[in-house]
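If you read the sequence shown in the working numbering, its first letter stands for residue 1, the second for the next number, and so on. Backbone N, C-alpha and C define an ideal beta-carbon position, used for all residues, glycine too. As the structure is a computational prediction, the values presented were derived from the model and not from experiment.
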Amino acid sequence: MSSVTVRVPAKVNVQLSVGPLREDGYHDLVNVFHAVSIFDEVVAKESESITVSVTGKWSDQVPVDDSNLAIRAARALAKHAGRTYGADLIIQKDIPVAGGMAGGSADAAGALVACNELWGLGLPFDDLMEIAGDLGSDVPFSLLGGTAVGTGRGEQLTELPTGGTFHWVFALADGGLSTASVYAECDRLRKASGAEVPWPQLNDSLVEALGTGDAYALGAHLSNDLQPAALNLRPELAPTLEAGRQHGALGAIVSGSGPTCAFLAIDALHARDLALSLTTTGAAHTAVAAHGPVNGPVHGTAVPRRH
Ligand code: ATP
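Below, the structure is given as structure tokens:
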């Protein structure tokens, strides 16, 4: 096999509950991930060494040195297999960079699946999940796709059933937000308020809304504890969220650490209208309609999965 291509979806967090700051600097999370139909494509081609190149509209914002998450993933896989392998990784980037949609994690997951196949390793899904967990807390979900709740740092995943397709609009912002700075701002705001931070709990009503495919109920239960911090750092996002609500969004929320804003629509037609309204009124310079849940990169590849 001389080349393998996989597509990996972005995610939105439909619930992101952030517990108190732990001594190790992390937070315990209840993080409900939902994979949506904005995809990066990762191609792995036979090569002597591991390299990466990036194409597409966000390519100039992505590092192509050893800090690229796809390179780190390929190296971690080679190390796990105990041999030296090479691959030219070519990423076609459609997921916004530093947008709170786990684009880097998607590329890491894509590199794991593509190189596993290119190098003929045949490693099972569970091994890839283990390597993914070491690469970053969002990478295991990027491998899995669908809808799932993550606990711990977000990396211990349980799949959640969904009763239908949800239609979304994502308003893309200029420039990214660093996840670390948003968590730091969240800690600062909490410290300043002096309020006790509750232990994060999975919202049963949200799980039920996902299970029954009820977009109205899901819209009412979307929540993100990082939102106040993201809005403090980027105050211009508040009117964008409000504009979405005015145009009939069932829920409007900052996606993960932001600055992408996510709007839940009634159906595909409403999503198209909402995206158009957000851009024509100037509330967002770019708005993309998408749906979820969608599968992760493992589906349709040779990676064996236990069910
Ligand atoms: P999350 O939602 O997981 O917090 P994010 O979507 O906000 O992440 P990413 O797009 O994953 O953010 O990028 C975060 C940073 O990681 C970027 O600013 C970039 O410097 C770096 N990075 C490393 N590899 C990649 C990659 N393959 N794609 C995008 N960014 C990458």
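> Of all the options E208, D60, V18, which has the alpha carbon lying nearest to the alpha carbon of G163?
Replying inline: The shortest C-alpha to C-alpha distance from G163 to any of E208, D60, V18 is the one to E208.
>> Can you give me the C-alpha to C-alpha distance between L144 and A171, rounded to a whole angstrom?
In response: So the two alpha carbons sit approximately 25 Å from each other.
> Does the separation of the CB atoms of G292 and V42 fall below 7 Å?
Replying inline: No; because the gap between Cβ atoms is not below 7 Å, this pair is not in contact.
> Ordered along the chain, which non-local residues of its own chain (more than five positions away) have a Cβ less than 6 Å from that of S47?
Replying inline: In its chain, beyond the 5 residues on either side, G86, A87, D88 have a beta carbon closer than 6 Å to the beta carbon of S47.
> How about P200 and G19: are their beta carbons less than 7 Å apart?
Replying inline: Contact: yes.
> So, helix, strand or coil for N232, using DSSP?
Replying inline: Per DSSP, reduced to three states, the secondary structure at N232 is helical.
>> Could you tell me the alpha carbon to alpha carbon distance between F263 and G150, rounded to whole angstroms?
In response: When rounded, the distance between both Cα atoms is 22 Å.
>> Across the segment 238-254 and the segment 133-142, are there enough close Cβ pairs to call them in contact, namely three or more that are closer than 8 Å?
In response: Under the three-pair Cβ rule at 8 Å, the segment 238-254 does not count as touching the segment 133-142.
> Which residues in the same chain have their Cβ closer than 8 Å to the Cβ of Q61, if we skip the five residues on either side of it in sequence?
Replying inline: These residues qualify, in order along the chain: V97, A98, G176.
> K11 by DSSP, collapsed to three states: which one?
Replying inline: If DSSP states are grouped into helix, strand and coil, K11 belongs with the strands.
> Does the beta-carbon of T281 have 16 or more other beta-carbons within 10 angstroms, so that it is buried, or is it exposed?
Replying inline: By the neighbour-count definition (other C-beta atoms within 10 Å, threshold 16), T281 is an exposed residue.
>> For a test of the three-state rule: what should DSSP assign to A159, helix, strand or coil?
In response: The sequence shown places Glu at residue 159, not Ala. Of the three classes helix, strand and coil, the one that applies to E159 here is strand, per DSSP.
> For K191, which of helix, strand or coil comes out of DSSP?
Replying inline: Helix.
> If we count the other Cβ atoms within 10 Å of its Cβ and call it buried at 16 or more, is P198 buried or exposed?
Replying inline: Exposed.
>> Determine, for A180, whether the minimum Cβ-Cβ distance to residues of chain B falls below 7 Å.
In response: Among the chains of the structure shown, chain B does not appear; only one protein chain is present.
> With burial defined as no fewer than 16 other Cβ atoms inside 10 Å of the residue's Cβ, what is the status of H285: buried or exposed?
Replying inline: Exposed, since its Cβ has fewer than 16 Cβ neighbours within 10 Å.
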